Structures are given as C-alpha cells and as structure tokens.
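Just so we're on the same page, my numbering is the position in the sequence shown counted from 1, plus 45. Ideal placement from N, C-alpha and C gives every residue a C-beta, glycine not left out. Model, not experiment: these values are computed from the prediction.
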Amino acid sequence: VAWGFFGFVIFRMLRRDLGKIKIYKEEVNNSWLLVVLDIVILFIFLSSIFVVYSVLVALLLIVMIALRSVLLEVLSKGTEEKFVVKLWTANLKPENETGKTSYNLSIVLSVVVACVGMGALGMWVSKTIASAYLLKAESFSVEQNARYKDITPTIEERQIFINSMTYYYATASKFDGNNPLMNRKTGGMYLELVGISAEKYSKNGGDSTENADLISSVGKWKNYALDYTRKSIDTNAAEYSNWETRAQVYMGLVGMGFKDYASDSLYSLQKAAELNPLNYELYYNQAQVYLVNGDKDSALSALTKVLSINAQHIPSLMLAIKKEIQMYTSHI
Numbered sequence: 046v047a048w049g050f051f052g053f054v055i056f057r058m059l060r061r062d063l064g065k066i067k068i069y070k071e072e073v074n075n076s077w078l079l080v081v082l083d084i085v086i087l088f089i090f091l092s093s094i095f096v097v098y099s100v101l102v103a104l105l106l107i108v109m110i111a112l113r114s115v116l117l118e119v120l121s122k123g124t125e126e127k128f129v130v131k132l133w134t135a136n137l138k139p140e141n142e143t144g145k146t147s148y149n150l151s152i153v154l155s156v157v158v159a160c161v162g163m164g165a166l167g168m169w170v171s172k173t174i175a176s177a178y179l180l181k182a183e184s185f186s187v188e189q190n191a192r193y194k195d196i197t198p199t200i201e202e203r204q205i206f207i208n209s210m211t212y213y214y215a216t217a218s219k220f221d222g223n224n225p226l227m228n229r230k231t232g233g234m235y236l237e238l239v240g241i242s243a244e245k246y247s248k249n250g251g252d253s254t255e256n257a258d259l260i261s262s263v264g265k266w267k268n269y270a271l272d273y274t275r276k277s278i279d280t281n282a283a284e285y286s287n288w289e290t291r292a293q294v295y296m297g298l299v300g301m302g303f304k305d306y307a308s309d310s311l312y313s314l315q316k317a318a319e320l321n322p323l324n325y326e327l328y329y330n331q332a333q334v335y336l337v338n339g340d341k342d343s344a345l346s347a348l349t350k351v352l353s354i355n356a357q358h359i360p361s362l363m364l365a366i367k368k369e370i371q372m373y374t375s376h377i
C-alpha cells in the first residue's frame, strides 16, 4: 500500500510539471528539467516490478528525488536569491539578460544533467528488458516441464527447448551484461547445447559431413559456456554461485570426455568450497573428479570431508566403500 501511494505521488509530480510546461510558456526552460528528473524517478520506481531492488538502485532513487527537491527549490527562488546561490539552474534565461558566459555555462550544465538523466533512464530500460527476457525464460521452462511431465521428450524436442532457453538467457545477458545471474544461466544452457551435440554425434551414423558440423558445434558451444561463466566470476568473484556454476560447467565437460578440464574443475570447486565450506556436495564432486584423474587417495580424502559434514550422505558412503574395497583388493 505504501509503495503504491509513493508511486501515485511520483505520478502527480510528473503530471504537475508537465502542466507547467503547457500553461506557463515562460517557464518552459525551467520545468523541462523537472520533467526529465520526474521521468527518471518514475521509471526507476516502475522497474521494481521486474528488477529486485539492490542497495545501489535504492540509493539512486533517493539521490534522484533529492536532486529534484534541490532543483525545485532553486527554481522557485527569486532573481536576487538565484544570483546569491550561484547555481547553474539560476541562469536559464536569454543571453541578453544574464550575460554570455553565464548563459553558456547554464546551457552546458543543463545538457550534462539531461545526459546523466537520460543515461540513467537508458540503463534501467536495458535492465528492465533483460529482466523481461529472464522472466520469459523461466515461464517457458515451467510450461515445458509441465508439458513433458509424464512423457519423455525426443532429442529434437529437447534441442528446441534448449535453443529457446539459450536465446532468452543470451538476449537477457546482452541487455544486462554485468549481471552474474544471467551470465550463469546462459553459460549453463550453452553446456546443455554441448551435451545435445555430443549425444547426436554418438548416435550418428557414418555421415562425415554431419559429424563435422556437430564437432564444430561442440567446440563453439563449449567456448560460449566457458566465456559466460568466466564473465560472471569477473563481475563478482566473491559470489559462491558463480564458482559453483563454473565448476559444474567444467565437470560437465569432463563427463563428456574433455578430461583436460579436470584441473580447472578442481580449482573452481576449491574456490566454491572456500566461500561455502559446509556444502558437502562440493567435496563429493571433488572426489568424482579425482577419480577421473586416477587419484584415489585424494578422492577418499574428499569423501571423508563429505562424511564429516553429513555422515548419512549415501552416494559418498557407497563410493567410499567401493574404492576402499578396490584398494584393498589391489594390495592383496
């Protein structure tokens, strides 16, 4: 209710300032500045429908409201008060009334504020479009999961689904390239495309032309998956989810036969474990990668960490018992 009333107040401010431009022709040079700020404030407010407010967004909204209040106060002062205050907004009068230097300065600073306001507006338009694509992707995912709840989709249907999801996430990333969430989602979908291409290659016959296209696709999607997950880490290396997704991409590639990425996978898992040391799944994944490398001792050490956190983790118990039996048999 309070948030809705706040939006009503912002809308009334914009309507009042637009009315000043229409009614008072002599105030048009002043009122349009207020209108620009009103539009920016209103857009930031409306973006709360699609974008989760962060501290910076809330701070930007407060700063814009404060700037509008200061500007309104200055514009409402008399000529003498404007001269004493010496703010650039005081001199938005014809050149022959204020002097050439003061008039030119007023124009320059007016353009600067207009550019800043339009830049902020453009930024939030971009973020809103990105959020819309993100919501579309999530909605499409829910719709398709419900559709194939009781049936198994064919590989062609899965590819159509993954292509659509990749398009939505990649487009969202283009509009909001510094958003780690969107980069993680996009990287994960490109990994799914790698899996689809690899699966089609394994089922393909002797068509060398199609095989060559699939190999090319695997290499392209693989690089995209790594690039997007790396970008999420470059944006915020202190966020656990970024390293976890990066590790999942590497592990997926290792599972598809790209064993050269095993060390990169272990490094990403270690960085994720440093940020979230109680997540036993990370140590379980480490154990699996160690086994791919043939390092059974390190694998058992990682499984010990898992069981020290969650002694009832069945996959770790079974894997540990299996490897201990194998090691015991090899010694005999």
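Three or more beta-carbon pairs separated by less than 8 Å link the stretch 312–328 to the stretch 349–367, which places the two stretches in contact. Note on geometry: alpha-carbon atoms of residue 342 and residue 363 lie some 16 Å from one another. In this structure, the straight-line span from the alpha carbon of residue 303 to that of residue 334 is close to 12 Å. With fewer than 16 other Cβ atoms inside 10 Å of its own Cβ, residue 279 counts as exposed. The continuous alpha helix (DSSP H) containing residue 293 extends over residues 285–300. Between residue 110 and residue 86, the alpha-carbon positions lie close to 7 Å from each other.
Residue 225: member of the alpha helix (DSSP H) spanning 225–248, first to last residue. By the neighbour-count criterion, in which 16 or more other beta carbons inside 10 Å mark a residue as buried, residue 239 falls on the buried side. For the 8 Å CB-CB criterion, residue 214 and residue 182 form a contact.
The closest CA to that of residue 308, considering only 318, 227, 296, 203, is found on 296.
Relative to residue 105, the option among 165, 153, 114, 58 whose CA is nearest is 165. Taking C-beta atoms as the reference points, residue 288 and residue 320 count as a pair closer than 8 Å.
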